[in-house]
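Taking the UniProt record's numbering, the leading residue of the sequence shown gets 1, the next gets one more, and so forth.
Report on the structure given below.
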Amino acid sequence: MKKFGKIVVFSFFLLTGILLVSLILSQKCLIVRQYTYRNPKIAAPIRAVQLTDLHNYQYGRDNQRLIAKIQKQKPDVIFMTGDMLNEDEDRTDILLHLVREACAIAPVYFSLGNHEVGYEKTYGEGDLTEQLEAAGAVVLEKEYVDTKIAGQEVRIGGAYGYLLPEDWKDGSEQRFLEAFVQTDRLKILLSHVPEGLLLWKSMEYWDVDLVFSGHVHGGQVRVPFVGGLFDPEEGFFPTYTRGMFSCGNGTMILSAGLGSSRGIPRVNNLPEIVVCDIVR
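What follows is the structure, encoded as structure tokens:
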């Protein structure tokens, strides 16, 4: 009986130690998660870096660790897909400094998340967008641009919302997407919220090639051999928390992101930069 008790105590302290180490690593470490996406619409490769869900976190002073990691990837383009600050914190300096530094590396395209939308409602409609554009980013909210990246013709769009086929709101999402898909170029969509496109499968309706998304923080807590613990839309043990997923004729890259909101810790869930090599 005493031996069993010692085993229980040892197991408790061992698991507690593992949990604490995992908690610390999930706040401090920064990894690069790489994907390869193939599409015959391009003739030469494009390297994209995705940053999402930073929530005003800093990796070193002025985010120098994060910036150095981005630079090391030698991207052709950088996508920021929302929740890069906190809606209840009147502070934009961390994000704007990162945008300026990132723009010195590659063109930056920015789509809004729920925290940017909330921030603008609280602190001034359009003010954040103007600051981001002044810092060098191209902000896309129900907008798209036709451009060349690494010599390749692409269309890049951005929209915050569920992006469902039905006119469930004011129809602006549907009008944007109907126009966005009318091209023979490679279509890249920045959409912070993945649920509508992936969980509710509206990607089967919209003819989009590649989507970059975030929002769910990789399930926040990742259970070994199982995956993410929770997503507000799917509930416990959700299917979609991070990775590359096919739906219809399109592909989504869903990042676990860089930070956390409202003081909820990441556990066994290392913050990540996404690198996507788009090849023929």
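Backbone N, C-alpha and C fix where the C-beta goes; we use that ideal spot for every residue, glycine too.
Exercise for review: Could you tell me the boundaries of the beta strand (DSSP E) in which residue 48 lies?
Suggested key: 46-51
Is there contact between the stretch 178-188 and the stretch 152-160, where contact requires at least three CB pairs shorter than 8 Å? In this structure the stretch 178-188 lies against the stretch 152-160, because at least three pairs of beta carbons, one per stretch, are closer than 8 Å.
| field | 7 Å CB neighbourhood of residue 145 in its chain, flanking five on each side removed | value | 138, 156
**Message:** Rounded to whole angstroms, what is the Cα-Cα separation between residue 133 and residue 73?
**Reply:** 24 Å
Could you check if residue 102 is buried or exposed, using at least 16 other CB atoms within 10 Å of its CB as the buried criterion? buried
Drop a sphere of 10 angstroms on the beta-carbon of residue 48, count the other beta-carbons inside from all chains shown, and report buried for 16 or more, exposed for fewer. Residue 48 is buried by the Cβ-count criterion.
Exercise. Alpha carbon to alpha carbon, how far is residue 267 from residue 140? Give it in angstroms, no decimals.
Key: Straight-line measurement puts the Cα of residue 267 at about 32 Å from the Cα of residue 140.
Exercise. Between residue 270 and residue 92, what straight-line distance do the alpha-carbon atoms span, to the nearest angstrom?
Worked result: 24 Å
(Q) Quick check on residue 67: does DSSP put it in helix, strand or coil? (A) helix
- Query: In this structure, does DSSP put residue 231 in helix, strand or coil?
  - Reply: strand
Just reading off the beta strand (DSSP E) that residue 146 is part of, what are its end residues?
143-149
Answer yes if the stretch 172-185 comes into contact with the stretch 211-229, meaning at least three C-beta pairs across the two stretches below 8 Å, and no otherwise. Verdict: no, contact absent.
### Cross-strand partners of residue 34 (DSSP beta bridge)
275
Under 8 Å, with one C-beta from each stretch per pair, do the stretch 203-210 and the stretch 218-236 reach the 3-pair mark? no
ask   = From residue 104 to residue 135, what does the alpha carbon distance come to, in whole angstroms?
value = 10 Å
Looking at C-beta atoms only, is the number of pairs between the stretch 121-128 and the stretch 171-178 that lie closer than 8 Å three or more?
no
* Kindly give me the distance between the Cβ atoms of residue 79 and residue 50, rounded to whole angstroms, as I take these residues to be in contact under 8 Å. => 5 Å
Point to revise | C-alpha gap between residue 224 and residue 31, whole angstroms | key: 18 Å
Would you report the Cα separation of residue 81 and residue 94, rounded to the nearest angstrom?
-> 16 Å
message: Which same chain residues end up closer than 8 Å to residue 251 when comparing Cβ atoms and leaving out the 5 residues on each side of it in sequence?
response: Contacts found: 37, 209, 210, 211, 244, 245.
Exercise. Please name the residue, chosen from 100, 87, 67, 76, that lies closest to residue 261 on a Cα-to-Cα basis.
Key: 87
Report task. Can you say whether residue 75 is buried or exposed, counting buried as having 16 or more other CB atoms within 10 angstroms of its CB? Result -> The Cβ neighbour count for residue 75, taken over all protein chains shown within 10 Å, is at least 16; the residue is labelled buried.
Legend entry - Coil, strand or helix - residue 22 by DSSP: Residue confidence is low: residue 22 scores 45 on pLDDT, short of 50, so the model does not pin down where it sits. Its coordinate-derived value is still stated next. In the structure shown, residue 22 sits in a helix (DSSP, three-state: H, G or I).
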